[in-house]
Amino acid sequence: MDILNNGVAIFSGILLLMTVFTIINYIITSLALYNVAKAEGDDKPWLAWIPVGNAYMTIKLGKGNMLFMIPFVLAMIFTGMIRDISMVIYTAYSIYMYKNICDKYNASFLPILIGSLSLIVGIVPALINANILIYLIGLYGQWNLYRCVTKKVKAQ
Numbered sequence: 001m002d003i004l005n006n007g008v009a010i011f012s013g014i015l016l017l018m019t020v021f022t023i024i025n026y027i028i029t030s031l032a033l034y035n036v037a038k039a040e041g042d043d044k045p046w047l048a049w050i051p052v053g054n055a056y057m058t059i060k061l062g063k064g065n066m067l068f069m070i071p072f073v074l075a076m077i078f079t080g081m082i083r084d085i086s087m088v089i090y091t092a093y094s095i096y097m098y099k100n101i102c103d104k105y106n107a108s109f110l111p112i113l114i115g116s117l118s119l120i121v122g123i124v125p126a127l128i129n130a131n132i133l134i135y136l137i138g139l140y141g142q143w144n145l146y147r148c149v150t151k152k153v154k155a156q
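Position 21 of the sequence shown, counting from 1, maps to 21 under UniProt numbering, and the rest follow consecutively.
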């Protein structure tokens, strides 16, 4: 029974840590997108703080095609294979949009790309510890984007 309790405690601790990192990641990502939207002169930069608005802003600021919001919406409606395929399509496209945004503001795209791997690594339970490191690298990438946008706005 003691082994079971220890296992549950360890799993709960890792889950709590991942939840904290997810919240911090969302805040930093929203802050970065909000700053980019303000720098671009967008009239609704606050959309970066709303989950669906965040996805919309990523595509808008990356100068992408808004039809790629469809897989995001499908992933919220459907389950199973349709949801999985939709999320893969949306995630791949949003990574491309982040590349466009990073290129515009001379921010390093590599940490954001590595951070996006946490979605893949999270599926494999044996790699859960690597997921924390990958999350931290992704957080650094978002923070770097935020700083690059802030520097460019101050320089203008």
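Ideal Cβ placement from N, Cα and C applies to all residues, glycine included.
Less than 9 Å divides the Cβ of N106 from the Cβ of K152. Counting only the Cα atoms, L145 lies some 13 Å from I137. In the three-state scheme derived from DSSP, where H, G and I count as helix and E and B as strand, L113 is classed as helix. Only residues of its own chain outside the window of five on either side were considered, and among them none has a CB closer than 7 Å to the CB of T79.
Counting along the chain, the unbroken alpha helix (DSSP H) around N6 starts and ends at 2–39.
In this structure, N35 is the residue among S118, A75, N35 with its C-alpha nearest to the C-alpha of M57. Apart from sequence neighbours up to five positions away, the residues of its chain that approach S116 with a beta-carbon distance below 6 Å are I95, ordered along the chain. The three-state secondary structure of Y98, taken from DSSP, is helix. Shortest Cα-Cα distance from P51 to any of M69, K99, V149 involves M69.
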